[in-house]
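Visitor:
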Amino acid sequence: MNFKIKIPSTVICFILLPVVMAACCTAAEPALKDVFAKDFLIGGALNGNQIYGNSPGEAAIITKHFNTITPENVLKWAGVHPEPDRYDFDPADKYVELGQKNKMFIVGHTLVWHNQTPKWVFENADGSSMDREALLKRMKDHIFAVAGRYKGRINGWDVVNEAVDGDGQLRKTKWLEIIGEDYIAKAFEYAHEADPDAELYYNDYDMWKKDHWKGVIRLVKDLQAKGLRVDGIGVQGHWGFDYPVLDEIEESIVAFSELGVKVMITELDLTVLPSGWKDRGADITKSYELQEKLNPYADGLPAELSQKQADRYSEFFSLFHKHRDKIGRVTFWGVQDGNSWRNGWPVRGRTDYPLLFDRDCKPKPAFDAVIKVVQKDK
Ligand code: GLA
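Under our numbering, the letters of the sequence shown match residues 241 to 618, in that order.
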């Protein structure tokens, strides 16, 4: 007998569309992770949509180009532990599954931070301020619950994020105020106990500023002197056209590596927009002048700026490549321009172009420039 099943062509289109879209987005360009295979890992920070695989174009970039991933938000305290007795592990479980399925180096971000940490963390049930012992216990329970759950699966943790201030002193946070200076050592101690095989990192921004990075050096030396293992220092790379000065960032990369730790560029993106700091919180929809001043490329990025960005990315990657013996990983903070946090911070509703892939998930001139760095150095 000969059965013929007729499938309507609309159904076939529906099934094939994601495959075709994914293929278009990654057409013929080489994979970043292959190009830098001998140098360092290459990764990106994933948002919830990407973790759940809701965008085929982004999924194609992630699996083709990255061999390491970091969660943008789902493992921050507010995301994973929103209420005292409630953990929300579902997105983080999916994130870890995605990394394991694709054999990626999976980063956990972040266990102890002053931001995106709910107010209740520092309070007793009656709203009064916690004391040192109670907060240490809460920190330990959180680290054991989160790092413990992914023991052997998350390969490295940003244990503490942004604990040093611009002047090199410890940032005035609730952690410092209630526990005291050893809260950082305690976080490293607990993270190590929760998963002895996971790598442990300290992560921070403005790392090219001398006072700041000298403060980080003092902190890491102090942790090492206490016998704690620090495997890496994360240099957040939220950079622009005129900062950091390359010599300055190079000096800090070299100084960090002299501590015997890996250096990692953890949150790389390169804004093309004018600084929004003075107009932080401004509503750009309110006036044409504000739009012109703060959001000049809403209709597209002019070719010369795109080239300027490519040149700047080339400078950064030439530096990373030169120091590839010290650098373990370069992670972009996002996947494609459209969903970068830079579009919303420090002014909401702008159109920025900070990454290597555009809003259609196509590689930009900056992508080609980054690839050429390796070809040039060969
Ligand atoms: C810091 C944090 C990141 C992220 C960025 C902005 O760099 O480490 O998790 O919040 O700010 O998105």
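Ideal Cβ placement from N, Cα and C applies to all residues, glycine included. Predicted, not measured: the structure shown is a model, and the values here were computed from it.
When DSSP labels each residue in this structure, what does R520 get in the three-state scheme?
Guide: Residue numbering aside, residue 520 sits at position 280 when the sequence shown is read from its first letter. Coil.
Visitor: Looking only at its chain, what residues have a beta carbon closer than 7 Å to the beta carbon of T591, apart from the 5 residues adjacent to it on each side?
Guide: Looking up residue 591 in the sequence shown gives position 351. Excluding sequence neighbours, T591 sits near N535, Y537, A538, N583.
Visitor: Taking a contact to mean a Cβ-Cβ separation below 8 Å, would you say G574 touches D509 in this structure?
Guide: Translated into the one-based positions of the sequence shown, residue 574 becomes position 334. Translated into the one-based positions of the sequence shown, residue 509 becomes position 269. Result yes, Cβ atoms of G574 and D509 sit closer than 8 Å.
Visitor: Which one of T310, K343, K377, E544 has the shortest CA to CA distance from T364?
Guide: Here residue 364 corresponds to residue number 124 of the sequence shown, with the count starting at 1. First, the residue type needs correcting, since residue 364 is Asn and not Thr in the sequence shown. For the residues T310, K343, K377, E544, the minimum Cα distance to N364 belongs to K377.
Visitor: Could you name the residues of the same chain whose beta carbon sits closer than 7 Å to that of A606, not counting the 5 residues immediately before and after it, in chain order?
Guide: If you number the sequence shown from 1, residue 606 lands on position 366. Cβ within range, chain order: Q549, A550, Y553, L596.
Visitor: Run the proximity test for Q476: is its beta-carbon closer than 7 Å to any non-hydrogen atom belonging to the ligand GLA?
Guide: The count along the sequence shown starts at 1 and reaches residue 476 at position 236. Yes, the beta carbon of Q476 sits closer than 7 Å to at least one heavy atom of the ligand GLA.
Visitor: Please find out if some non-hydrogen atom of the ligand GLA comes closer than 7 Å to the beta-carbon of H349.
Guide: As a first step, residue 349 is located in the sequence shown; it is residue number 109 there, counting from the start. Indeed, a heavy atom of the ligand GLA lies less than 7 Å from the Cβ.
Visitor: Measuring CB to CB, does P358 end up less than 8 Å from A385?
Guide: Here residue 358 refers to the residue found at position 118 when the sequence shown is read from its first residue. Here residue 385 refers to the residue found at position 145 when the sequence shown is read from its first residue. Taking 8 Å as the Cβ cut-off, P358 and A385 do not qualify as a contacting pair.
Visitor: Would you say V581 touches the ligand GLA, meaning its beta carbon is less than 7 Å from a heavy atom?
Guide: Here residue 581 refers to the residue found at position 341 when the sequence shown is read from its first residue. In the sequence as displayed, the identity of residue 581 is Trp instead of Val. W581: yes, Cβ under 7 Å from the ligand GLA.
Visitor: Please report the distance separating the alpha-carbon of L468 from that of E429.
Guide: As a working mapping, residue 468 is identified with position 228 in the sequence shown. As a working mapping, residue 429 is identified with position 189 in the sequence shown. Straight-line Cα distance between these residues: approximately 7 Å.
Visitor: Leaving out five residues on either side along the sequence, give the residues of the same chain with a beta carbon under 6 Å from the beta carbon of P484.
Guide: As a working mapping, residue 484 is identified with position 244 in the sequence shown. If we look at P484 and ignore the five residues flanking it on each side, its Cβ neighbours are W448.
Visitor: Hey, Y335 and V314: beta-carbon distance below 8 Å or not?
Guide: Position 95 of the sequence shown, counted from the start, is the residue given in the question as residue 335. Position 74 of the sequence shown, counted from the start, is the residue given in the question as residue 314. Their beta carbons are under 8 Å apart, which means Y335 touches V314 by this criterion.
Visitor: With burial defined as no fewer than 16 other Cβ atoms inside 10 Å of the residue's Cβ, what is the status of G367: buried or exposed?
Guide: Against the sequence shown, residue 367 aligns to sequence position 127. Answer is exposed; the Cβ neighbour count stays below 16.
Visitor: Taking 7 Å as the line, does the beta carbon of Y537 fall inside it for any heavy atom of the ligand GLA?
Guide: As a working mapping, residue 537 is identified with position 297 in the sequence shown. The answer is no for Y537.
Visitor: Given a cut-off of 8 Å, decide if L375 and F362 are closer than it, judged by their beta-carbon atoms.
Guide: Counting from 1 along the sequence shown, the entry for residue 362 is found at position 122. Counting from 1 along the sequence shown, the entry for residue 375 is found at position 135. Yes, Cβ-Cβ distance for F362 and L375 is below 8 Å.
Visitor: For N401, is the beta carbon positioned less than 7 Å from some heavy atom of the ligand GLA?
Guide: Here residue 401 refers to the residue found at position 161 of the sequence shown. Yes, Cβ of N401 sits closer than 7 Å to a heavy atom of the ligand GLA.
Visitor: Does the structure place the segment 524 to 532 close enough to the segment 450 to 469 that three or more beta carbon pairs sit under 8 Å?
Guide: Touching, no, given that fewer than three Cβ pairs across the two stretches are closer than 8 Å.
Visitor: On the DSSP bridge assignment, give the partners of L569 in chain order.
Guide: On the sequence shown, residue 569 is found 329 positions in, with the first residue counted as 1. It is Arg, not Leu, that sits at residue 569 in the sequence shown. The partner list for R569 (beta bridge, DSSP) reads L281, M504.
Visitor: On the three-state DSSP scale, how would you describe L286?
Guide: Here residue 286 refers to the residue found at position 46 when the sequence shown is read from its first residue. Here L286 sits in strand by DSSP.
Visitor: For V494, does the count of other Cβ atoms within 10 angstroms reach 16, so buried, or fall short, so exposed?
Guide: Within the sequence shown, residue 494 is the residue found at index 254, counting from 1. Exposed is the call here.
Visitor: In the structure shown, what three-state DSSP assignment does C253 receive?
Guide: Sequence index remark: in the sequence shown, residue 253 carries index 13 (1-based). Caution applies to C253, whose pLDDT of 45 falls short of 50 and renders its modelled position unreliable; the model cannot decide the point.
Visitor: When every heavy atom of the ligand GLA is checked, does at least one fall within less than 7 Å of the C-beta of E373?
Guide: Sequence index remark: in the sequence shown, residue 373 carries index 133 (1-based). Not so, every heavy atom of the ligand GLA lies at least 7 Å from the Cβ.
Visitor: With respect to 7 Å, is the separation between the Cβ of Y445 and the closest non-hydrogen atom of the ligand GLA below this value?
Guide: As a working mapping, residue 445 is identified with position 205 in the sequence shown. Yes, since a heavy atom of the ligand GLA falls inside the 7 Å radius drawn around the Cβ of Y445.
Visitor: Taking all protein chains shown into account, decide if N401 is buried (16 or more other Cβ within 10 angstroms of its Cβ) or exposed.
Guide: For the purposes of this step, residue 401 is taken as residue 161 along the sequence shown, with counting starting at 1. Its Cβ being crowded by 16 or more others within 10 Å, N401 is buried.
Visitor: Return helix, strand or coil for Y442, following the three-state DSSP convention.
Guide: Residue numbering aside, residue 442 sits at position 202 when the sequence shown is read from its first letter. In the structure shown, Y442 sits in a strand (DSSP, three-state: E or B).
Visitor: Cα separation between M370 and M379?
Guide: Taking the sequence shown and counting its residues from 1, one reaches residue 370 at position 130. Taking the sequence shown and counting its residues from 1, one reaches residue 379 at position 139. Roughly 12 Å separates the two Cα atoms.
Visitor: Shorter than 7 Å, the distance from the beta carbon of E507 to the closest heavy atom of the ligand GLA, or not?
Guide: On the sequence shown, position 267 is the one that residue 507 refers to. Answer for E507: yes, Cβ within range of the ligand GLA.
Visitor: Can you name the residues that DSSP bridges to G474?
Guide: Residue 474 sits at position 234 when you count from the first residue of the sequence shown. DSSP lists N443, M504 as partners of G474.
Visitor: Once the 5 residues before and after V399 are set aside, which same chain residues still bring their CB inside 6 Å of it?
Guide: One-based indexing of the sequence shown puts residue 399 at position 159. These residues qualify, in order along the chain: L351, A427, F428, A431, L440.
Visitor: Using the three-state DSSP reduction, which class does D487 fall into: helix, strand or coil?
Guide: Working through the sequence shown from its first residue, we reach residue 487 at position 247. If DSSP states are grouped into helix, strand and coil, D487 belongs with the helices.
Visitor: Report the rounded CA-to-CA distance for D482 versus L513, giving the unit in angstroms.
Guide: Sequence index remark: in the sequence shown, residue 482 carries index 242 (1-based). Sequence index remark: in the sequence shown, residue 513 carries index 273 (1-based). In a straight line, the C-alpha of D482 is about 11 Å away from that of L513.
Visitor: On a CA-only basis, which of I282, K304, G472, K414 is nearest W360? Give me that one, please.
Guide: Here residue 360 corresponds to residue number 120 of the sequence shown, with the count starting at 1. The shortest Cα separation from W360 among I282, K304, G472, K414 belongs to K414.
Visitor: Compute the Euclidean distance between the alpha carbons of G516 and W581, then round it to the nearest angstrom.
Guide: The count along the sequence shown starts at 1 and reaches residue 516 at position 276. The count along the sequence shown starts at 1 and reaches residue 581 at position 341. Cα to Cα, the separation comes out at about 13 Å.
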